[in-house]
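Colleague: Can you read through this structure? Questions will come right after.
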Amino acid sequence: MHKISNFTGQARHGWDKMTPAMGFGRPHHQDMSMPPTNIKRNMATQHQMQPNPQVPGHLVNLSFNIPFASNLSGPDPDSVIYASPGAYARWTHPQPNNPDSPPPNHELPVHARNVDNLRSLCKVITEASNAQVQATVTSARPKPVPGMQRGPLNTLVTNVCLSGDSDLVYKMRAKILNETPITLRSATVDVDSTLIMVPGTEGVRTDVLRHMDDISDRTKADIFLLNPRPLDVDSASIHGTIDSLVENRLRLMIFGDMECCEHAKTRILIMIDQILMRQVDTIKLELSLHTLICGRHRRNIKLIESATGTAIYFPPLFPGIFGYSPAGSYPRARDEIIITGESQENIMQAKRRLQDLVLTTKTFVKDVAITTSKVDYILLERLDKIRKIVEQNGSYVLL
Numbered sequence: 001m002h003k004i005s006n007f008t009g010q011a012r013h014g015w016d017k018m019t020p021a022m023g024f025g026r027p028h029h030q031d032m033s034m035p036p037t038n039i040k041r042n043m044a045t046q047h048q049m050q051p052n053p054q055v056p057g058h059l060v061n062l063s064f065n066i067p068f069a070s071n072l073s074g075p076d077p078d079s080v081i082y083a084s085p086g087a088y089a090r091w092t093h094p095q096p097n098n099p100d101s102p103p104p105n106h107e108l109p110v111h112a113r114n115v116d117n118l119r120s121l122c123k124v125i126t127e128a129s130n131a132q133v134q135a136t137v138t139s140a141r142p143k144p145v146p147g148m149q150r151g152p153l154n155t156l157v158t159n160v161c162l163s164g165d166s167d168l169v170y171k172m173r174a175k176i177l178n179e180t181p182i183t184l185r186s187a188t189v190d191v192d193s194t195l196i197m198v199p200g201t202e203g204v205r206t207d208v209l210r211h212m213d214d215i216s217d218r219t220k221a222d223i224f225l226l227n228p229r230p231l232d233v234d235s236a237s238i239h240g241t242i243d244s245l246v247e248n249r250l251r252l253m254i255f256g257d258m259e260c261c262e263h264a265k266t267r268i269l270i271m272i273d274q275i276l277m278r279q280v281d282t283i284k285l286e287l288s289l290h291t292l293i294c295g296r297h298r299r300n301i302k303l304i305e306s307a308t309g310t311a312i313y314f315p316p317l318f319p320g321i322f323g324y325s326p327a328g329s330y331p332r333a334r335d336e337i338i339i340t341g342e343s344q345e346n347i348m349q350a351k352r353r354l355q356d357l358v359l360t361t362k363t364f365v366k367d368v369a370i371t372t373s374k375v376d377y378i379l380l381e382r383l384d385k386i387r388k389i390v391e392q393n394g395s396y397v398l399l
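The opening position of the sequence shown corresponds to residue 1 in UniProt numbering, with each subsequent residue numbered one higher.
Put into C-alpha cells, the structure is as follows:
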C-alpha cells in the first residue's frame with residue numbers, strides 16, 4: 001500500500017518538473033520597453049459608432065411573426081346539434097369539392113378572416129402614417145426542410161414586415177399585436193343530456209338555447225352543442241356490452257380568444273349549476289391574492305369546495321394582458337369570484353373561509369428585471385407555462 005507521503009512527494013516532484021510549455025506553466029514576460037511587433041490598429045474603425053435601432057430617427061426594418069392559431073380545427077359538422085349565431089359559418093368549411101381530401105384548417109373562414117383583417121390593419125397603418133411606416137403582410141405555408149419534419153406542413157405562417165422610423169415601427173408593432181386575436185383556442189364542457197333536452201323528445205330546451213345565445217353575445221365566443229362522442233368499441237370492457245357503454249353526455253364546445261373562451265366556459269358551468277337549482281353569489285377580492293390563497297395546486301380551494309359543497313370560479317389570471325378584446329364584448333370583472341352552492345348558507349361558509357385565508361396568508365414580494373425581448377417571449381410563447389408555474393406554487397406574477 002502506498003503511503004500518503006509518497007503521493008504528496010510525487011505530486012511535489014511533478015510540479016517541479018513542469019515546463020513553461022505546459023498548460024499550467026508561467027508565461028514568459030515580454031520586455032515592455034520594446035514596442036510590440038505586428039500589431040496594427042485602425043483607431044477610426046475601432047471608435048466608429050454603430051447605429052442603434054432603438055434610438056428615434058433611425059430607419060429600421062422589423063419582421064415578426066403573428067402567432068395565429070391557424071391549425072385550430074372546428075367541430076365535426078355532422079355532430080352539431082346547435083350553434084350560436086354565425087358560429088357554424090365561421091368554423092366549418094364550405095362543401096368541399098373532394099370529400100376524400102378535406103381542406104386544411106387554416107382555410108376555415110375564421111382563420112382566413114383574421115388574415116384579411118390583419119392586411120386591412122396594415123394598410124390603414126401605412127396610409128395613416130403618410131407612408132412614414134410601410135407595413136406588409138406575408139402569409140404562406142412553410143417550405144419543407146429535408147430531415148426536419150416527418151409529415152406535410154399544413155400550418156399557415158403569417159409574418160408582418162414594418163419599415164420606417166424605429167420609434168414608430170415599435171409602436172405600430174404593439175398596435176398590431178394588441179388588435180389581433182392571437183390567442184384563439186377551444187374548450188369543451190360535458191353536460192348530461194337529461195338536463196338540457198326536453199323530456200320525451202330529441203329537442204333542446206328553449207331557455208337553454210336562449211341562454212347560450214346570450215352568453216355568446218356577451219362574450220363574443222362561438223358556442224356549439226354537439227352530439228356525444230362516438231363510441232370506441234375496441235376499448236370497451238370485455239365484460240361490458242355496447243348498450244352499457246352508450247355515452248349520454250352531450251358536449252358544449254366553445255371557441256374564442258383566451259379571455260372570451262374562459263369567460264364563456266365559466267358562464268356555461270354556472271348555467272348548468274343553475275339548472276341543478278344551485279344558488280349563485282359573488283365576492284370581491286384583489287386579483288393578486290387569488291392564486292396566493294389558492295395554495296399549491298389549488299389545494300386550499302379544493303378543501304373549501306369539498307367541505308362546503310360549493311364550486312368557486314376565479315377570473316382569468318392575466319386579464320387584458322394582450323390588449324385585445326372583441327368589439328361589443330363584456331369582459332369579466334378581474335376581482336370578482338363567483339361561488340355556487342346548494343344553499344346560501346353553504347356559500348356564506350365558503351366566503352368566511354376565503355376571508356380567513358386572506359387574513360392568514362403571508363406575502364413576500366421580489367422584483368425581477370428582465371429585458372423587453374424576454375417579456376415578448378414570455379407573453380407570446382410561454383404564458384401557459386407561467387400560468388402553470390403560478391398555480392403549482394401558489395404565487396402571483398405581475399407582468
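For glycine and all other residues, C-beta sits at the position ideal for the given N, C-alpha and C.
Could you spell out where the beta strand (DSSP E) holding Met-271 opens and where it closes?
Modeller: Per DSSP, Met-271 belongs to no beta strand (DSSP E); it is in the alpha helix (DSSP H), 258-275.
Colleague: How far does the alpha helix (DSSP H) with Gln-349 in it extend, from its first residue to its last?
Modeller: 344-360
Colleague: Specify the secondary structure class of Ala-69 as computed by DSSP and reduced to three states.
Modeller: coil
Colleague: I believe Cys-261 touches Ser-186 by the beta-carbon criterion, under 8 angstroms. Please report the beta-carbon distance rounded to the nearest angstrom.
Modeller: 7 angstroms
Colleague: Among the residues of its own chain, which have a CB less than 7 angstroms from the CB of Tyr-396, if the five just before and after it don't count?
Modeller: Hits under 7 angstroms: Ser-288, Thr-291, Leu-292 and Val-390.
Colleague: Suppose contacts are defined by Cβ-Cβ distances below 8 angstroms. Is Ile-301 in contact with Ile-312 by that definition?
Modeller: yes
Colleague: Which whole-angstrom value describes the C-beta separation of Ser-129 and Leu-168, a residue pair presumed to lie in contact below a C-beta threshold of 8 angstroms?
Modeller: 7 angstroms
Colleague: Please look up how many angstroms separate the CB atoms of Ile-321 and Ala-264, rounded, as I've assumed it's under 8 angstroms.
Modeller: That belief does not hold up - the Cβ atoms of Ile-321 and Ala-264 are roughly 18 angstroms apart, past 8 angstroms.
Colleague: In its own chain, which residues sit with a C-beta less than 8 angstroms from the C-beta of Thr-361, not counting the 5 before and 5 after it?
Modeller: Leu-289, Leu-292 and Ile-293
Colleague: By the DSSP assignment, the beta strand (DSSP E) with Gln-279 in it spans what residues?
Modeller: Unbroken beta strand (DSSP E) run through Gln-279: 279-284.
Colleague: State the start and end residues of the unbroken alpha helix (DSSP H) segment that holds Ile-321.
Modeller: Unbroken run through Ile-321: none, as it is neither H nor E.
Colleague: Taking 8 angstroms as the cut-off, decide whether the C-beta atoms of Ser-79 and Asn-227 are in contact.
Modeller: The Cβ-Cβ distance between Ser-79 and Asn-227 falls below 8 angstroms.
Colleague: Measure from the alpha carbon of Ala-87 to the alpha carbon of each residue in Val-124, Thr-183, Gln-355 and Ile-254, then state which is nearest.
Modeller: The shortest Cα separation from Ala-87 among Val-124, Thr-183, Gln-355 and Ile-254 belongs to Ile-254.
Colleague: Could you give the DSSP three-state label for Asn-154: helix, strand or coil?
Modeller: coil
Colleague: Whole angstroms are fine: how far does the CA of Arg-90 sit from the CA of Pro-61?
Modeller: As written in the sequence, residue 61 is Asn, which differs from the Pro given in the question. One alpha carbon belongs to Asn-61, the other to Arg-90, and they sit about 35 angstroms apart.
Colleague: Measure the alpha-carbon distance for Pro-85 versus Asp-367 and round it to whole angstroms.
Modeller: 46 angstroms
Colleague: Checking 8 angstroms against the spacing of the C-beta atoms, do Asn-154 and Asn-117 come in under that value?
Modeller: Here Asn-154 is not near Asn-117, since their CB atoms are 8 angstroms or more apart.
Colleague: If you follow the beta strand (DSSP E) that Thr-363 is part of, which residue opens it and which one closes it?
Modeller: No beta strand (DSSP E) holds Thr-363; DSSP gives it neither H nor E.
Colleague: Quick check on Gln-134: does DSSP put it in helix, strand or coil?
Modeller: strand
Colleague: What do you get for Lys-123, buried or exposed, if any count of 16 or more other CB atoms within 10 angstroms of its CB means buried?
Modeller: exposed
Colleague: Between Asn-393 and Arg-299, what straight-line distance do the alpha-carbon atoms span, to the nearest angstrom?
Modeller: 10 angstroms
Colleague: Could you tell me which residues DSSP puts in a beta bridge with Leu-252?
Modeller: Val-189 and Leu-225
Colleague: What separation, rounded to the nearest whole angstrom, lies between the Cα atoms of Pro-27 and Ala-174?
Modeller: For Pro-27, the pLDDT reaches just 46, beneath the cut-off of 50, and the residue's location in the model is therefore unreliable, although a value from the coordinates is still provided. Between Pro-27 and Ala-174, the alpha-carbon positions lie close to 55 angstroms from each other.
Colleague: Could you compute how far the alpha carbon of Arg-353 sits from the alpha carbon of Ile-337?
Modeller: 13 angstroms
Colleague: Could you check what DSSP says for Ile-301 in three-state terms: helix, strand or coil?
Modeller: In the structure shown, Ile-301 sits in a helix (DSSP, three-state: H, G or I).
Colleague: Taking 8 angstroms as the cut-off, decide whether the C-beta atoms of Thr-206 and Gly-256 are in contact.
Modeller: In this structure, the beta-carbon distance from Thr-206 to Gly-256 does not fall below 8 angstroms.
Colleague: Can you grab the Cα-Cα spacing for the pair Ala-350 / Asp-217, in whole Å?
Modeller: 31 angstroms
Colleague: When DSSP labels each residue in this structure, what does Val-80 get in the three-state scheme?
Modeller: Val-80 carries a strand assignment under DSSP once its states are collapsed to helix, strand and coil.
Colleague: Does the beta-carbon of Ser-63 have 16 or more other beta-carbons within 10 angstroms, so that it is buried, or is it exposed?
Modeller: exposed
Colleague: With a threshold of 16 other CB atoms inside 10 Å of the CB of Ile-215, please say whether the residue is buried or exposed.
Modeller: buried
Colleague: Specify the secondary structure class of Glu-381 as computed by DSSP and reduced to three states.
Modeller: helix
Colleague: Could you tell me which of Ala-135, Gln-95, Ile-66 and Val-204 sits nearest to Val-157, measuring between CA atoms?
Modeller: Taking only the C-alpha atoms, the option nearest Val-157 is Ile-66.
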